[in-house]
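Working notes for the structure below.
Numbering (my numbering), first residue to last: 421 to 672.
Right, dumping it as structure tokens:
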């Protein structure tokens, strides 16, 4: 479904990704773990073409992104291709990013109606169903400010699902939440994983990564230090850096 080959990304002289390769097969969950600044979120944003990489390939269902220019001047060459890929790779952000002036139902409906030009009645039915699915079907007519953080994040997940994407990208979906509210969102993510959805998740929650992942990837300084099944990565880490990272997260 998603393939990243030898991806490099720099901000000026700061090299954030130094040749990262990851494959996310259809129906698999890939968790990206590592310290702040290791390149996890940047990798996800490059995957969704919210950031331009300078070298390497991004492929969606075997189709490579077409580029023009090179190095710092490299940009996607085909705007229609970018829209098609973004539409099929819905992203859930750390800070919810809901429109404050729209009700929750309107937030969930906005992109399918305006970007995909789907019929409003069909989108509304789907939006209500997805809000039910994430457990806040009774909040359709309220505004984001009237919801808890956990409810807002669940609304953001419903919004992503309403695009009917082929894969979901989560960027630290629980890190802005209190522990109690975090569990609401974790349950939704676990339910989505159990449905066999293709997902890439950047997370600081090692238990979530261990519970839902087919593959866990530990990034350090813009490179993959270790990757593999979660039972191996968390149960018998080979890398000294990964052992130190896991020890620090458990202590916290």
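Cβ atoms here follow ideal geometry from the backbone N, Cα and C, with glycine treated the same way.
On a predicted model such as this, the values are computed, not experimentally measured, just so you know.
Annotated as proximal: residue 574 and residue 605, with beta-carbon spacing under 8 Å. Under the Cβ criterion (8 Å, minimum of three pairs), the stretch 437-448 counts as touching the stretch 610-629. In this chain, residue 554 is not harboured by any alpha helix (DSSP H), its DSSP state being neither H nor E.
When C-alpha distances from residue 599 are compared across 624, 562 and 668, the shortest belongs to 624. The beta-carbon separation of residue 476 and residue 426, rounded to 4 Å, stays under the 8 Å limit for a contact. In this structure, the beta-carbon distance from residue 514 to residue 591 falls below 8 Å. It is roughly 11 Å from the alpha-carbon of residue 532 to the alpha-carbon of residue 526. Boundaries of the beta strand (DSSP E) harbouring residue 510: 509-512, taken from the DSSP string.
Residue range 475-480 is occupied by the beta strand (DSSP E) that includes residue 475, with no alpha helix (DSSP H) assigned at that position. With the rule of 3 Cβ pairs closer than 8 Å, the stretch 465-473 does not count as touching the stretch 621-641. Given a length threshold of 4 residues, each whole run of the alpha helix (DSSP H) inside the stretch 559-639 is given here in chain order: 569-581, 599-614 and 626-632. Between residue 626 and the set 644, 608, 594 and 570, the nearest pair of CA atoms involves 594. Between the stretch 430-442 and the stretch 453-464, the count of Cβ pairs shorter than 8 Å is three or higher; the stretches touch.
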